[in-house]
Structures are given as C-alpha cells and as structure tokens.
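According to our numbering, the sequence shown is numbered sequentially starting from 170.
Everything on this sheet refers to the single structure shown next.
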Amino acid sequence: MFDKAKLDALRAKYTGAKETEIAPAEFRKALSLVFGENYRRAMPFAGVSTLLDLPYRPEAADLPDFGDLGVTNRAGARFGPRAVRDVERIGPYNHALGVAPRSECKAADIGDVPLRSRFSLDNSIEDIAAFYARIHKAGIKPISVGGDHSITYPILQALGHDRPVGLVHIDAHCDTMGEIDGSKFHHGGPFRQAVLAGVLDPERTIQIGIRGPAEVFWGFSYESGMTVLHIEDVDRLGIAHVVEKARSVVGDGPTYISFDVDGLDPAYAPGTGTPESGGLTPREAQAILHGLTGIDIVGSDVVEIAPRYDPTSNTAMVGAQMLFELFCLTVLGPGFKKRPS
Ligand SMILES: [Mn+2]
C-alpha cells in the first residue's frame with residue numbers, strides 16, 4: 170500500500186515547484202537550457218530552425234552546410250543541413266555521457282559557408298578551406314553538416330595546417346579513391362587528398378563500417394597505413410574492441426571525427442546518395458562514439474544526408490542525433506576550454 174507520509178512529502182516537494190529548482194543536481198544545467206530565464210519552454214515546432222537549436226549567429230565567423238557537386242551517383246546532400254535544422258528535440262542532456270553540452274561552452278549555428286559558384290567544385294573546395302582556416306584561427310572547434318563527403322578534405326586542410334590530425338571515420342566507404350572523370354575532388358576521395366596534402370596522418374586514421382562493391386578503389390587506405398575495419402571486422406571484434414582499437418590508433422593527438430550516414434544500415438538511414446546494405450545500427454554507432462570520450466577532438470562532421478530519398482525523415486533525425494553526440498564529445502575533450510562560470 171502507498172505510504173501516506175511519502176505521498177505528503179512528494180506533494181510538499183512537487184506542488185507548484187520549478188523543475189530547475191527541485192531536479193537532481195546533474196539535470197539542472199540542462200533544465201535551465203530547456204526553460205530559459207522566464208521558465209517558459211520553447212515550442213519545438215515554432216520559430217526559425219537551427220542546428221541542434223543553437224542560437225543562429227552567422228556573424229560569429231561568417232556551422233556550415235554545403236552543396237553536393239562531388240557526388241558520384243545520387244545527388245541531394247545539399248538539402249542535408251536544412252533537414253537537420255528541422256529536426257527538433259535532440260538534447261539538451263545526454264544520459265550516456267552525462268553532459269548538457271550547451272551549458273559547457275559557447276556554441277552557435279554560424280550559418281552556411283558562402284560559396285562563389287554553385288557550378289564549380291574546385292572553387293567550392295577553396296571557399297570551404299578559407300572559411301575553416303578563419304574558424305580554426307579563431308580557436309573554434311567546428312561541427313559541420315554536409316553536403317557530400319568532398320567537404321571534409323578542405324576542412325582538414327584548415328584544421329591540419331599546423332600539424333596533421335588523426336581521424337575516426339565511420340562510413341560504408343573508405344573514400345580514398347583517385348581521380349574520376351579528370352577530377353581528384355569528389356566525395357569518394359577526400360582522405361587520399363588529405364594524406365597527400367600532409368594534413369591527415371594515415372597511421373592515426375581508422376575507418377569503421379566499410380563494405381560494398383567499391384573496395385577495389387581503396388588500396389590507398391592500406392598502402393598509406395590506415396586501419397580499416399570492415400563491417401565483418403566490427404561483428405567479429407564487438408563494439409568494445411572496436412572502441413579500444415580506435416582509441417589506440419588515434420592516441421592523444423588532435424583528432425577529427427567524420428560520420429557518413431551511409432555507415433549506418435539503409436534500414437535506418439535510406440536518405441543518402443550511395444547506400445550499402447548490411448551497415449551499423451544507430452545504437453552501435455552511438456556506442457562507438459560514446460567510447461571515444463576524452464579524445465582530443467579538433468572538429469567533426471556528419472555528411473551525405475540526402476533527405477529526398479527518405480520520406481520518413483529518419484535519416485535527418487539520426488544524423489542530428491549523431492551531430493549531438495559529436496557536440497557532447499567535443500566538450501568532453503581535453504583540449505576544450507570550458508567557459509568560465
Ligand atoms: Mn560513404
């Protein structure tokens with residue numbers, strides 16, 4: 170039978186109370202983000218959509234989205250950022266990592282990278298590199314939404330300029346191909362270009378979830394010394410050992426995380442340009458990311474969300490969730506300068 174004294178105590182505590190005052194201490198920061206200064210909860214369906222509901226501050230550095238001139242097959246990733254901005258109710262608190270990242274840092278949606286021409290991939294690569302060079306110089310750790318995977322090369326050009334970075338790369342594809350149709354810039358080759366440019370350390374690079382028929386193009390991964398975990402390796406090792414392997418490959422140095430949604434099985438993320446059956450589940454991907462807490466993340470991205478191939482919008486939702494996980498990992502990294510309170 171329900172105890173009367175216990176009921177009275179619950180009534181005394183909860184009647185007319187503000188969640189921000191009575192919740193367990195670890196939730197209070199997150200709750201104050203939810204309720205704001207006036208103790209009014211914002212309506213998730215109202216207002217202007219931004220990435221992870223962050224304030225929109227394009228003037229802050231002039232987080233980005235992009236075109237999809239670099240795709241080899243189905244286009245549409247240019248609509249990825251808009252679809253991710255439309256996703257509501259991700260965060261603010263991450264139970265697995267015990268953090269509400271927005272209360273640990275200054276973060277904003279800084280808008281889209283201004284591109285000179287929608288028709289020139291080469292110009293766009295230069296524009297992205299210049300944009301991220303400014304961000305990097307300002308000490309900002311960018312978390313980006315593509316766009317197709319060709320964006321990651323110019324981002325790495327900027328972030329790896331001073332010293333090559335390490336990489337945790339979740340994807341169905343190694344993306345270390347060479348030229349196609351006379352262009353070395355495309356979504357199948359950013360990591361070859363980044364190694365050749367001296368901005369990515371292949372010995373500190375791990376690629377996870379690899380599968381599909383394009384394997385014959387990825388010899389560069391092996392020859393340069395990258396660690397390649399095919400989906401069968403993930404099954405064989407189990408997630409805990411995948412995490413252990415990833416941590417030992419990237420070590421303590423500066424590390425970038427690149428998350429292609431096609432690393433996930435198309436059952437969960439069909440809205441992408443080059444889907445491959447037999448992929449990771451979102452839970453496996455989250456478990457891998459959660460295992461990376463404490464590594465020194467200098468930047469990250471979620472790419473290849475092409476919403477038009479997914480009328481359910483699940484791809485954008487799972488992409489936004491991964492973006493949130495990356496945001497949490499970023500503020501839990503050793504190189505992160507927490508906001509003075
Ligand atoms: Mn891919």
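C-beta atoms are modelled at their ideal positions from N, C-alpha and C, and glycine is treated no differently.
This structure is a prediction, so every number in the text was calculated from the model and none was measured.
Which of the three DSSP states is assigned to residue i in this structure?
{"i": "D429", "result": "strand"}
{"i": "I349", "result": "strand"}
{"i": "E195", "result": "helix"}
{"i": "R237", "result": "Looking at the sequence shown, residue 237 is not Arg but Asp. Three-state DSSP puts D237 in coil, outside helix and strand."}
{"i": "S390", "result": "helix"}
{"i": "S218", "result": "coil"}
{"i": "G378", "result": "strand"}
{"i": "Y437", "result": "coil"}
{"i": "T484", "result": "helix"}
{"i": "I259", "result": "coil"}
{"i": "I279", "result": "coil"}
Looking at ligand 1, does it come within less than 8 angstroms of residue i, judged from the CB to the closest heavy atom?
{"i": "D429", "result": "yes"}
{"i": "D340", "result": "yes"}
{"i": "G432", "result": "yes"}
{"i": "T374", "result": "no"}
{"i": "T443", "result": "yes"}
{"i": "D525", "result": "Lying outside 170 to 510, the shown extent of the chain, residue 525 is not represented and no answer is given."}
{"i": "H459", "result": "no"}
{"i": "H399", "result": "no"}
{"i": "D344", "result": "yes"}
{"i": "E473", "result": "yes"}
Are residue i and residue j closer than 9 angstroms when you measure CB to CB?
{"i": "E473", "j": "D434", "result": "no"}
{"i": "I312", "j": "A327", "result": "no"}
{"i": "I426", "j": "V500", "result": "no"}
{"i": "V256", "j": "A489", "result": "yes"}
Using the rule of at least 16 other Cβ atoms within 10 Å of the residue's Cβ for burial, across every protein chain shown, is residue i buried or exposed?
{"i": "Y322", "result": "buried"}
{"i": "D470", "result": "buried"}
Indicate whether at least one CB of chain B lies closer than 9 angstroms to the CB of residue i.
{"i": "H338", "result": "Of the protein chains in this structure there is only one, and it is not chain B."}
Between which two residues does the beta strand (DSSP E) holding residue i run?
{"i": "H399", "result": "396–399"}
{"i": "V337", "result": "334–339"}
{"i": "V471", "result": "466–472"}
Got a sec, what are the start and stop residues for the alpha helix (DSSP H) residue i sits in?
{"i": "D291", "result": "290–306"}
{"i": "D177", "result": "173–183"}
{"i": "V364", "result": "359–365"}
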